[in-house]
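Structure, as structure tokens:
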Amino acid sequence: MGKYRVIFEDPEQPEQPAMVLVPSDNWLEEAKAGLLPPISVYWALQDDEQQAIAEGRHDTFKHDPEKHAAQWTAPRIGPLTEEEAIEYLIMKDIPRHIWSVEYNRPMFKIVKTADVPSDRQFRNAWRLAA
Amino acid sequence: MATIKLQGNASGSGSVTLTAPNTNSARTITLPDEDVDLGNVGGGAAVTSCINGTGTVSLQTSKGVSSVTDIAAGKYQFNFSSNFNTATYYADGTISYQDSSHWSYLSNNYTGGNMDHTRTTAHCKVGSYNTSYVDAPSVGLLASV
Chain Y
92 MGKYRVIFED
102 PEQPEQPAMV
112 LVPSDNWLEE
122 AKAGLLPPIS
132 VYWALQDDEQ
142 QAIAEGRHDT
152 FKHDPEKHAA
162 QWTAPRIGPL
172 TEEEAIEYLI
182 MKDIPRHIWS
192 VEYNRPMFKI
202 VKTADVPSDR
212 QFRNAWRLAA
Chain E
11 MATIKLQGNA
21 SGSGSVTLTA
31 PNTNSARTIT
41 LPDEDVDLGN
51 VGGGAAVTSC
61 INGTGTVSLQ
71 TSKGVSSVTD
81 IAAGKYQFNF
91 SSNFNTATYY
101 ADGTISYQDS
111 SHWSYLSNNY
121 TGGNMDHTRT
131 TAHCKVGSYN
141 TSYVDAPSVG
151 LLASV
């Protein structure tokens, strides 16, 4: 089990409780082995898909074959530490407006796995502490 | 007599090791008489993942998944290692839970409530709904083109 989790909130959904990003151990191993493409490869795919959604053509949307293939063909970025891999994962799997925009309080935090509550009785009331 | 040929890769610089199991028996591996890609045995799903959605959420299996997002009680999102080329990929999520006597499972394509089925080529949401959203000890997703 990875050492870290990422807790984040979405400022565009203020009623939504805090969310927790749980990294895959297999993916972390790939990151440590240097098998990941540059993060810009994923951003290019996200941009194209978001544009298709905004234009109402998501049902027929297909990624550009060259950009899609770049996930496997782009030069690898080399081995990452677990901390670097978590930063990469934030930029890949958490919506960009959460981590790329400065708000009047932090919208995400990297925490130790052991610090995430295991008692989920009030899960829908979780908030990110200031 | 048919022969076995081991072939390296001129482009790579790593080494590949075949390892024996911890056994005292003689074992034989019989190869099928067809082309097989071990990177895609049986043409398996691109994504096969299962999480324990109770306690501190954890991934139990995670083929093709980079992470899972614990959104709220009974709501989870599987984030893929690699994007599918279209959002019309096949996906099937199921929730397994234990009733009074045995394990049961429920396909979570439940349309009577307010399940969030939105997805992109990079992620797919799975929910566990029983009158209200509830955490489940086994939440699985299969996805493939």
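Sequence lines, in order, name chains Y and E.
Going from the first sequence to the numbering used here is simple: count from 1 and add 91.
Going from the second sequence to the numbering used here is simple: count from 1 and add 10.
Even for Gly, the Cβ is constructed at its ideal location relative to N, Cα and C.
Starting from the Cα of residue i, find the closest Cα among the options and give me that residue.
i: D184 of chain Y; options: E:H133, E:R129, E:T96 and E:G74; result: E:H133
i: N62 of chain E; options: E:S154, E:G74, E:A83 and E:E44; result: E:A83
i: I201 of chain Y; options: Y:M182, Y:R148 and Y:Q212; result: Y:M182
i: V67 of chain E; options: E:F88, E:Y99 and E:Y139; result: E:F88
i: S138 of chain E; options: E:T131, E:V149, E:V75 and E:N19; result: E:V149
i: I14 of chain E; options: E:S25, E:A20, E:P42 and E:A36; result: E:P42
i: S59 of chain E; options: E:D102, E:R129 and E:D145; result: E:D102
i: Y99 of chain E; options: E:V136, E:L69, E:A56 and E:D80; result: E:A56
i: T131 of chain E; options: Y:E173, Y:G147, Y:Q137 and Y:F199; result: Y:Q137
i: G18 of chain E; options: E:K73, E:T27 and E:N93; result: E:T27
i: V111 of chain Y; options: Y:E146, Y:L180 and Y:N117; result: Y:L180
i: P128 of chain Y; options: Y:A165, Y:H149, Y:H154 and Y:W134; result: Y:A165
Does the beta carbon of residue i come closer than 8 Å to any beta carbon on chain Y?
i: A83 of chain E; result: yes
i: G54 of chain E; result: Interpretation of G54 of chain E is limited by its pLDDT of 48, a score under 50 that renders its predicted location unreliable; no figure is taken from the coordinates.
i: V78 of chain E; result: yes
i: S72 of chain E; result: yes
i: V136 of chain E; result: no
i: T58 of chain E; result: no
i: L69 of chain E; result: yes
i: G103 of chain E; result: no
i: V9 of chain E; result: Past the edges of chain E, shown from 11 to 155, lies residue 9 of chain E, and the structure says nothing about it.
i: S154 of chain E; result: no
i: A30 of chain E; result: no
i: N62 of chain E; result: no
i: N95 of chain E; result: yes
i: T27 of chain E; result: no
i: N140 of chain E; result: no
i: T33 of chain E; result: no
i: A132 of chain E; result: yes
i: G65 of chain E; result: yes
i: S91 of chain E; result: yes
i: D145 of chain E; result: yes
i: V51 of chain E; result: With a pLDDT of 47 at V51 of chain E, under the threshold of 50, the modelled position of that residue is not reliable, and the figure given next carries that caveat. No, its Cβ sits nowhere closer than 8 Å to a Cβ of chain Y.
What three-state label does DSSP hand residue i in the structure shown?
i: I39 of chain E; result: coil
i: S59 of chain E; result: strand
i: D101 of chain Y; result: coil
i: N32 of chain E; result: coil
i: S23 of chain E; result: coil
i: N215 of chain Y; result: helix
i: N117 of chain Y; result: helix
i: M182 of chain Y; result: helix
i: A132 of chain E; result: coil
i: Q141 of chain Y; result: helix
i: D145 of chain E; result: coil
i: Q107 of chain Y; result: coil
i: A209 of chain Y; result: Reading off the sequence shown, one finds Ser at residue 209 of chain Y, where the question assumed Ala. Residue state, collapsed to three classes: coil.
i: Q70 of chain E; result: strand
i: K203 of chain Y; result: strand
i: I14 of chain E; result: coil
i: A82 of chain E; result: strand
i: V51 of chain E; result: Since pLDDT at V51 of chain E reaches only 47, below the 50 mark, its modelled position is unreliable, and no value is offered.
With 8 Å set as the bound, which would you pick, yes or no: does the beta-carbon of residue i sit closer than that to a beta-carbon of chain E?
i: V207 of chain Y; result: yes
i: P197 of chain Y; result: no
i: M92 of chain Y; result: yes
i: R148 of chain Y; result: no
i: K200 of chain Y; result: no
i: R211 of chain Y; result: yes
i: R218 of chain Y; result: no
Pull up the DSSP beta-bridge partners for residue i, would you.
i: L152 of chain E; result: E:T58 and E:D102
i: T96 of chain E; result: Y:K153
i: V132 of chain Y; result: DSSP lists no partner for V132 of chain Y.
i: N140 of chain E; result: E:S142
i: L112 of chain Y; result: Y:V97 and E:T79
i: N89 of chain E; result: E:S77 and E:H133
i: Q162 of chain Y; result: Answer is none; Q162 of chain Y lacks a bridge partner.
Given the structure, does residue i come close to the ligand COA, in the sense that its CB is under 7 Å from one of the ligand's heavy atoms?
i: G150 of chain E; result: With respect to the ligand COA, the structure offers nothing, as it holds no ligand at all.
Can you find a C-beta in chain C that's less than 8 Å from the C-beta of residue i?
i: K203 of chain Y; result: No chain C is part of this structure, whose protein chains are labelled Y and E.
Chain E contacts made by the region 109–140 of chain Y, where a contact means CB separation under 8 Å
M110, V111, L112, V113, P114, S115, D116, N117, W118, E121, Y133, L136, Q137 and E140
Contact set between the region 157–176 of chain Y and chain E, restricted to residues whose Cβ is under 7 Å from the partner:
H159 and Q162
Please identify, using Cβ separations under 9 Å, the residues of the region 180–194 of chain Y that lie next to chain E, in order along the chain.
L180, K183, D184 and I185
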